[in-house]
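Mind the numbering: the sequence shown is residues 108 to 328 in the working numbering, read in order.
Don't be surprised by glycine CBs; every beta carbon is placed ideally from N, CA and C.
Only one structure is covered here, and it is reproduced in the block below.
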Amino acid sequence: MAELHFFTGTMDSGKSTLALQTNHNHSARGRAGRIFTTRDRAGTGLLSSRLGLQADAIEVDAHFGFWQYVVRSLTQGARIDYLVCDEAQFYTREQVDELARVVDELQIDVFAFGILTDFRTELFPGSARLVELADRMNVLQVEALCWCGKRATHNARTENGIMVVQGEVIVVGDVEQAESDQHSRTAEVAYEVLCRQHHRRRMTAARAHAVTLAAEPLPFG
Numbered sequence: 108m109a110e111l112h113f114f115t116g117t118m119d120s121g122k123s124t125l126a127l128q129t130n131h132n133h134s135a136r137g138r139a140g141r142i143f144t145t146r147d148r149a150g151t152g153l154l155s156s157r158l159g160l161q162a163d164a165i166e167v168d169a170h171f172g173f174w175q176y177v178v179r180s181l182t183q184g185a186r187i188d189y190l191v192c193d194e195a196q197f198y199t200r201e202q203v204d205e206l207a208r209v210v211d212e213l214q215i216d217v218f219a220f221g222i223l224t225d226f227r228t229e230l231f232p233g234s235a236r237l238v239e240l241a242d243r244m245n246v247l248q249v250e251a252l253c254w255c256g257k258r259a260t261h262n263a264r265t266e267n268g269i270m271v272v273q274g275e276v277i278v279v280g281d282v283e284q285a286e287s288d289q290h291s292r293t294a295e296v297a298y299e300v301l302c303r304q305h306h307r308r309r310m311t312a313a314r315a316h317a318v319t320l321a322a323e324p325l326p327f328g
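Put into structure tokens, the structure is as follows:
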């Protein structure tokens, strides 16, 4: 019986690497699959991992229909045994519903990979729907680490080196911020994984380093 699998973890926990490995394992056994992703760091139509591996993928935007794509492909004579869906946190709830329908009505396995929560510690809609519908939910065993050495559980966003907890949920690359004179400046956006304690304190690695450097020397002579 086909199943809807959801693999989740923080950034740097190896989700995309596992997605590529999953595709390799199934294709090596003669199964035919399709790879989907959205807003990958390497660009449009690519699934990439931080280890340098990558594969061509079908880009998913907000209007993409998984059910329509699979049914059309099968009607045209294609064979599809499984789908690998990376960056699934960015999918809409309706798209996740379609993935579940593909599993139930067409008996095609779906392997979805994504982050649970955004930089505000709120569930992504796509991830929330996957938690609700998945036959199997798997938390990745490769632990990402906070700068302090504890297990990282939260994703943080920084703009110009300062951690923020408000703003657009989906930001890829730089963001434009309007100034009073109607011109704009580019904010440098970066992401970092933190433990809950340091996320609550907004204590990023850069800030912790700055605090350490600014500390008064001990009064030892």
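Does DSSP put N262 in a helix, a strand or coil?
strand
Just checking, does the stretch 176-183 make contact with the stretch 223-243 on the three C-beta pairs under 8 Å criterion?
no
Problem - Bridge partner(s) assigned by DSSP for Y189 - result: G140 and D216
Between R236, V217, T260 and R200, which lies nearest to D119 when the distance is taken from Cα to Cα?
T260
As assigned by DSSP and simplified to three states, the class of Y198
coil
* Around the Cβ of I215, are there at least 16 other Cβ atoms within 10 angstroms (buried) or fewer (exposed)? -> buried
L206, buried or exposed, once every other Cβ within 10 Å from all chains shown has been counted against 16
buried
On the DSSP bridge assignment, give the partners of N267 in chain order. Answer by DSSP bridge pairing: none, since N267 is not bridged.
Open item on the list: Output needed for A297: all residues of its chain with C-beta closer than 6 Å, excluding positions within five of it in sequence on either side, in chain order.
Closed with: T265
First and last residue of the uninterrupted beta strand (DSSP E) at E299 = V296 to L301
Practice prompt. Tell me whether R236 is buried or exposed, calling it buried when 16 or more other Cβ atoms sit within 10 Å of its Cβ.
Written response: buried
*With DSSP collapsed to three states, give me the class of Q248.*
coil
Checklist line | DSSP beta-bridge partners of E166 | finding: T144
Worksheet item: CB L252 to CB V203, shorter than 9 Å?
Response: no
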